[in-house]
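Protein chains in written order, with my numbering: chain A, 2 to 197; chain B, 2 to 197.
Using N, Cα and C, we set each Cβ at its ideal position, and we do this for glycine too.
One structure is given below, encoded as structure tokens.
There are 2 protein chains.
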Amino acid sequence: MAPPPAPQTMKERILETADKLFYLQGIRAIGVDTIAAEIGISKRTLYNHFPSKDALIAAYLERRFVHARSSDKPPAEQILATFDSLERRFAAKDFRGCPFVNAVAELGPQDRAVKKIAIAFKESRRVWFRDRLTELGVADADALATQLVLLVDGSIAQDLVRDDPAMARAAKEAAKVLLRNAGVDVGGGAAKGKRS
Amino acid sequence: MAPPPAPQTMKERILETADKLFYLQGIRAIGVDTIAAEIGISKRTLYNHFPSKDALIAAYLERRFVHARSSDKPPAEQILATFDSLERRFAAKDFRGCPFVNAVAELGPQDRAVKKIAIAFKESRRVWFRDRLTELGVADADALATQLVLLVDGSIAQDLVRDDPAMARAAKEAAKVLLRNAGVDVGGGAAKGKRS
DNA sequence: TTTTGGTTACACAGACCTGTGTAACTAGTC
DNA sequence: GACTAGTTACACAGGTCTGTGTAACCAAAA
Chain A
2 MAPPPAPQTM
12 KERILETADK
22 LFYLQGIRAI
32 GVDTIAAEIG
42 ISKRTLYNHF
52 PSKDALIAAY
62 LERRFVHARS
72 SDKPPAEQIL
82 ATFDSLERRF
92 AAKDFRGCPF
102 VNAVAELGPQ
112 DRAVKKIAIA
122 FKESRRVWFR
132 DRLTELGVAD
142 ADALATQLVL
152 LVDGSIAQDL
162 VRDDPAMARA
172 AKEAAKVLLR
182 NAGVDVGGGA
192 AKGKRS
Chain B
2 MAPPPAPQTM
12 KERILETADK
22 LFYLQGIRAI
32 GVDTIAAEIG
42 ISKRTLYNHF
52 PSKDALIAAY
62 LERRFVHARS
72 SDKPPAEQIL
82 ATFDSLERRF
92 AAKDFRGCPF
102 VNAVAELGPQ
112 DRAVKKIAIA
122 FKESRRVWFR
132 DRLTELGVAD
142 ADALATQLVL
152 LVDGSIAQDL
162 VRDDPAMARA
172 AKEAAKVLLR
182 NAGVDVGGGA
192 AKGKRS
């Protein structure tokens with residue numbers, strides 16, 4: 002269960018450090034010198050592993066692209082658990098928004114490569130939601146999945162500027178309403194009614 | 002009603018151009034040289050009007066901070082119209098996300114000044130929603146207002162990476178469900194039920 | 001006309017950036 | 001021991017950036 006003692010390769014160490022600095026401080030704000038210095042290697046070594054900073058940026062984003070997995074818990078629970086995990090991440094003080102959105106924001110629209118992977122990531126999450134909703138027998142799973150990712154990305158953006166983990170809880174409450182409205186049982190009463 | 006023929010001041014011309022370039026290409030991506038060149042003035046003139054690039058950035062964000070006004074239309078309509086206007090803006094090809102979120106994303110967390118104005122903007126929009134909801138007699142206007150801004154920011158983030166104006170429509174549909182759930186009449190049937 | 005305020009052209013300091021070139025060093029391997 | 005692969009230190013080219021200094025210029029006001 003514990004990952005192997007990790008005889009971490011040089012490439013991995015570079016990526017790990019680039020990840021930390023790029024994500025926390027911004028891609029444009031960090032030079033390759035800084036990354037090399039942080040690890041304690043020479044800039045030359047870094048360039049021996051990555052042909053350019055662009056390649057390093059691409060690898061950084063690829064590495065951030067973790068595909069969500071589905072557990073054996075009930076789909077509705079899985080969906081709502083997404084927002085709980087979001088809240089935990091917001092509470093951590095090394096959270097700084099969605100790396101893909103940030104990358105698109107700071108690298109601009111002309112960087113096709115970055116945009117492509119960002120789109121892929123967003124779509125993968127939407128599909129994950131959709132599949133869970135389909136399992137639940139929701140009629141228009143596609144539309145509802147889109148609405149759920151809006152709540153996810155909205156809470157991320159809000160937390161980025163406000164540093165308020167409660168945004169995740171607000172998103173979860175909204176998600177519950179949307180799910181109930183689609184006929185999904187999420188506990189705590191039927192669709193309508195502001196009773197208590 | 003029409004604004005005066007605008008004997009635009011130098012300062013205004015600089016701000017206007019800075020706005021266009023900062024917003025479309027990114028704050029870090031644009032140098033003061035570029036802005037001056039675009040207007041056809043010397044860099045010296047620019048620095049005669051703004052003491053530093055930071056000051057220009059601050060002024061750029063201040064200028065973007067337009068307070069939403071409320072019309073005399075019914076509050077529910079006003080709320081939903083927000084998403085229509087969002088969709089129109091998404092469709093325009095010079096839309097590139099929320100300038101405040103983008104600024105925070107690319108300038109990093111240490112830039113207190115930028116973060117402050119970004120927070121103020123986000124909060125002003127939340128308050129606008131809340132006030133409309135209070136007019137409607139919604140019980141927990143605060144909570145619902147937060148959920149609505151999540152939908153707004155979520156659709157903006159999604160459109161930024163996907164260039165898909167339909168995100169605004171999806172947000173609007175979700176907003177309708179949330180409003181109905183709070184007892185607001187938004188036309189098209191009562192709260193629950195997927196009847197057509 | 002003279003003065004004055006804003007402007008221009010242009011050079012430049014000082015910093016930082018990406019990326020390369022090179023010679024020396026330090027393992028491990030045959 | 002000899003060979004090899006990866007690494008290091010370091011200089012440097014060539015570019016960009018912010019911000020300043022300076023002398024000339026131009027137009028409108030006094």
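- prompt: Are any of the Cβ atoms in chain A nearer than 9 angstroms to that of Gln9 (chain B)?
  reply: no
is_contact[Lys116 (chain B), chain A] using C-beta, thresh 9 angstroms: yes
task: Within the stretch 20-88 of chain B, note down every full alpha helix (DSSP H) run reaching 4 residues or more, in order along the chain.
output: 33-40, 44-50, 54-65
field: First and last residue of the uninterrupted alpha helix (DSSP H) at Pro110 (chain A)
entry: Unbroken run through Pro110 (chain A): none, as it is neither H nor E.
query: Among B:Ala142, B:Tyr61, B:Lys21, B:Leu16, which has the Cα closest to the Cα of Ile80 (chain B)?
result: B:Ala142
Ala192 (chain A) (DSSP reduced to helix, strand or coil): Model confidence at Ala192 (chain A) stands at a pLDDT of 46, short of 50, so the residue's coordinates are unreliable; what they give is reported in the following sentence. In the structure shown, Ala192 (chain A) sits in coil (DSSP, three-state: anything other than H, G, I, E or B).
task: Closer than 7 angstroms by C-beta to Leu16 (chain A): which residues in its own chain qualify, once you throw out the five before and the five after it? Chain order, please.
output: Ala60, Tyr61, Arg64
message: I'd like to know whether the C-beta of Ser197 (chain A) is nearer than 9 angstroms to at least one C-beta of chain B.
response: Any reading at Ser197 (chain A) needs caution, since the residue's pLDDT is 39, under 50, leaving its predicted position unreliable; the model's value is listed next. False, the Cβ-Cβ gap to chain B never drops below 9 angstroms.
query: Any idea if Ala140 (chain B) is buried or exposed, counting beta-carbon neighbours within 10 angstroms, 16 or more meaning buried?
result: exposed
- prompt: Hey, how far is the Cα of Ser71 (chain B) from the Cα of Met11 (chain B)?
  reply: Ser71 (chain B) and Met11 (chain B) have their alpha carbons spaced roughly 32 angstroms apart.
- request: Say whether the stretch 121-134 of chain B touches the stretch 120-135 of chain A, bearing in mind that this needs 3 or more beta-carbon pairs closer than 8 angstroms, one atom from each stretch.
  value: No: the two stretches stay apart, fewer than three of their Cβ pairs being nearer than 8 angstroms.
field: Proximal residues to Ile40 (chain B) (C-beta, below 7 angstroms), its chain only, five neighbours per side dropped
entry: Arg14, Ile15, Thr18
- request: Answer with yes or no whether the minimum CB distance from Phe130 (chain B) to chain A is below 9 angstroms.
  value: no
task: Use the C-beta contact count for Arg97 (chain A): other C-beta atoms within 10 angstroms, 16 or more gives buried, fewer gives exposed.
output: buried
message: Does the CB of Lys193 (chain A) have a neighbour CB from chain B at under 9 angstroms?
response: Reliability of the predicted coordinates at Lys193 (chain A) is poor, the pLDDT of 43 falling under 50, and the value obtained from them is presented with this limitation in mind. At least one chain B Cβ lies under 9 angstroms of Lys193 (chain A).
- prompt: chain A beta carbons: is any one of them nearer than 9 angstroms to that of Gln79 (chain B)?
  reply: no
- request: Note down the Cα distance separating Leu179 (chain B) from Asp73 (chain B), rounded to an integer number of angstroms.
  value: Between Leu179 (chain B) and Asp73 (chain B), the C-alpha separation is close to 23 angstroms.
message: Does chain B have any CB closer than 9 angstroms to the CB of Ser103 (chain A)?
response: Here the sequence assigns Asn to residue 103 (chain A), which means Ser is not the residue at that position. So yes, Asn103 (chain A) belongs to the interface.
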